[in-house]
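Note sheet for the following structure.
Residue numbers (this note's numbering): 1290 to 1637.
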């Protein structure tokens, strides 16, 4: 897909359905994720460009295929079930081209696959949020589309329902070998569901690839910020090492993984969960920096510690681990940073 939508937004996106069954379009609010998805579904019409799927043009200078003729399933954030139809009738909607017997068989198959048997004759108004989204997914897949489009389908659900439906969705999509494009701004959701990831910002794809690779190795500082990297340490490259570099950060040497040939002023990406706090500097050239505790934030099962190490740094750990350290605001610590977990990126 190459498309412009309005005078200032444009994007180019490709989905390799064979290598990566579940592709995630990830980015902050306003990045253009939902707009791209709606252009693919035919719900919005680009002002210019090309939209095609498996070699068939859906939109270009001379072609416009309306949404009902695109072989896609679409699920929005709130499912949009028909309130006057029960669960079975919602699943059957859009199957009018089938014979009555085939339509009934298809509905039975989807009701069983999506575990909707007990809800079959219920009205949407009587369902929980998770149940409504389960029905919406069943309805989208009942048509046996060649592409499934999901626009933040879990964002309105509570945590237990969200976790269960994520796992079920991944299983269903794999069982059906159904190429899927999921829009989300939730990093944990992208990691839990996706095979590949495209990072979108201001309508443009900044980076794409296997989901773990993109999260672990952002290409630049701007992409790292979008991906939720907790700390971007300003540093200067002193010398290259095998697979990495030694940098000057906060007046102290710091080792990190780095792309070949990177030089000059850079940023070091450090995720808070990759920082270990020690009561004192262990010596022996341990990678990291001495610092002082600035603030302690309780996040339920985890504790986040804000540090001053000559540069701001965050550490995240289980509450039990933090309690055992016996640290408080103002205490001196050593922040140990795994060289393999820290990654050098260009400023950008």
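Each residue gets a CB set at the ideal place from its N, CA and C atoms; glycine is no exception. Note that this is a predicted model, so its numbers are computed, not measured.
Using alpha carbons as the reference points, say which of 1533, 1552 and 1555 lies closest to residue 1545.
As a working note, residue 1545 is residue 256 in the chain shown. Of the listed residues, the one whose Cα sits closest to residue 1545 is 1533.
Could you check if residue 1496 is buried or exposed, using at least 16 other CB atoms within 10 Å of its CB as the buried criterion?
By 1-based counting over the chain shown, the position of residue 1496 is 207. Under a 10 Å Cβ-count criterion, residue 1496 is classified as buried, with 16 or more other Cβ atoms of the shown protein chains found around its own Cβ.
Unbroken stretches of the beta strand (DSSP E), 3 residues or longer, contained in the segment 1549-1624
1554-1559, 1564-1567, 1577-1588, 1591-1597 and 1601-1607
Have a look at 1614, 1621 and 1310 and flag the residue whose alpha-carbon is nearest the alpha-carbon of residue 1435.
Numbered from its first residue, the chain shown carries residue 1435 at position 146. When each option's Cα is compared against that of residue 1435, the closest is 1310.
By the DSSP assignment, the beta strand (DSSP E) with residue 1634 in it spans what residues?
Stepping through the chain shown from its first residue, residue 1634 is reached at position 345. Note, residue 1634: beta strand (DSSP E), 1632-1635.
What does DSSP give as the partner residues of residue 1315 in its beta bridges?
Against the chain shown, residue 1315 aligns to sequence position 26. Note: residue 1315 sits in a beta bridge opposite 1473 and 1488.
With DSSP as the reference, label residue 1440 as helix, strand or coil.
Locating residue 1440 in the chain shown gives position 151, where the first residue counts as 1. Note: residue 1440 maps to strand in three-state DSSP.
Which partner residues does residue 1324 have in the DSSP bridge list?
Position 35 of the chain shown, counting from 1, holds the residue named residue 1324. Residue 1324 pairs with nothing; no bridge assigned.
Quick one: is residue 1474 buried, meaning 16 or more other Cβ sit within 10 Å of its Cβ, or exposed?
For the purposes of this step, residue 1474 is taken as residue 185 along the chain shown, with counting starting at 1. Looking at its Cβ environment, which holds 16 or more other Cβ atoms inside 10 Å, residue 1474 is buried.
Per DSSP, which one or two residues make a beta bridge with residue 1496?
In the chain shown, residue 1496 corresponds to position 207, counting from 1. Beta-bridge pairing links residue 1496 to 1488.
Do residue 1508 and residue 1514 have their C-beta atoms closer together than 8 Å?
What you label residue 1508 is simply residue 219 of the chain shown in a count that begins at 1. What you label residue 1514 is simply residue 225 of the chain shown in a count that begins at 1. The answer is no: Cβ separation not under 8 Å.
Any contact between the segment 1367-1376 and the segment 1407-1416? By contact I mean 3 or more CB pairs, one from each, below 8 Å.
yes
Given residue 1421, which residues of its chain have a CB within under 7 Å of its CB, disregarding the five upstream and five downstream residues?
On the chain shown, residue 1421 is found 132 positions in, with the first residue counted as 1. Excluding positions up to five away in sequence, the list reads 1368, 1370 and 1413.
Start and end of the beta strand (DSSP E) containing residue 1354?
To locate residue 1354, count along the chain shown from 1; it is residue 65. Per DSSP, residue 1354 lies in no beta strand (DSSP E) segment and is marked neither H nor E.
Please work out which residues of its chain come closer than 6 Å, Cβ to Cβ, to residue 1248, disregarding the five sequence neighbours upstream and downstream, and give them in chain order.
Residue 1248 falls outside the range modelled here, since the chain spans only 1290 to 1637, and no answer is possible.
Starting from residue 1420 and walking both ways along the alpha helix (DSSP H), at which residues does that stretch end?
Counting from 1 along the chain shown, the entry for residue 1420 is found at position 131. First-last of the alpha helix (DSSP H) with residue 1420: 1418-1431.
Does the structure place the segment 1581-1590 close enough to the segment 1536-1552 that three or more beta carbon pairs sit under 8 Å?
no
What does residue 1482 pair with, by DSSP beta-bridge criteria?
Residue numbering aside, residue 1482 sits at position 193 when the chain shown is read from its first letter. The partner list for residue 1482 (beta bridge, DSSP) is empty, contrary to what the question assumes.
Near residue 1396, what residues of its chain come up, given a Cβ to Cβ distance below 8 Å and the 5 sequence neighbours on each side ignored?
Taking the first residue of the chain shown as position 1, residue 1396 is located at position 107. Counting only Cβ-Cβ distances below 8 Å, and skipping sequence neighbours, we find 1377, 1380, 1381, 1384 and 1431.
Sheet register partners of residue 1461 (DSSP bridge):
Looking up residue 1461 in the chain shown gives position 172. In the DSSP output, where bridge partners are listed per residue, residue 1461 has none listed.
So the alpha helix (DSSP H) residue 1376 belongs to, where does it begin and stop?
Against the chain shown, residue 1376 aligns to sequence position 87. Taken as a continuous stretch (DSSP letters only), the alpha helix (DSSP H) holding residue 1376 covers 1376-1381.
Assign residue 1533 to one of three DSSP states: helix, strand, or coil.
Start at 1 with the first residue of the chain shown, and residue 1533 comes out as number 244. Strand at residue 1533.
Go to residue 1402, then tell me how far its alpha helix (DSSP H) extends in each direction, as first and last residue.
In the chain shown, the residue the question calls residue 1402 occupies position 113. Residues 1389-1402.
Rounded to a whole number of angstroms, what is the C-alpha to C-alpha distance between residue 1322 and residue 1315?
Here residue 1322 corresponds to residue number 33 of the chain shown, with the count starting at 1. Here residue 1315 corresponds to residue number 26 of the chain shown, with the count starting at 1. If I take the Cα positions, the gap works out to 7 Å.
Which two residues bound the contiguous alpha helix (DSSP H) that contains residue 1510?
Sequence index remark: in the chain shown, residue 1510 carries index 221 (1-based). Its alpha helix (DSSP H) spans residues 1510-1515.
Have a look at 1328, 1343, 1335 and 1352 and flag the residue whose alpha-carbon is nearest the alpha-carbon of residue 1363.
For the purposes of this step, residue 1363 is taken as the residue at position 74 of the chain shown. Per the Cα distances, 1328.
Return the bridge partner residues of residue 1361 from the DSSP annotation.
For this step, residue 1361 is matched to residue 72 along the chain shown. Note: residue 1361 sits in a beta bridge opposite 1436.
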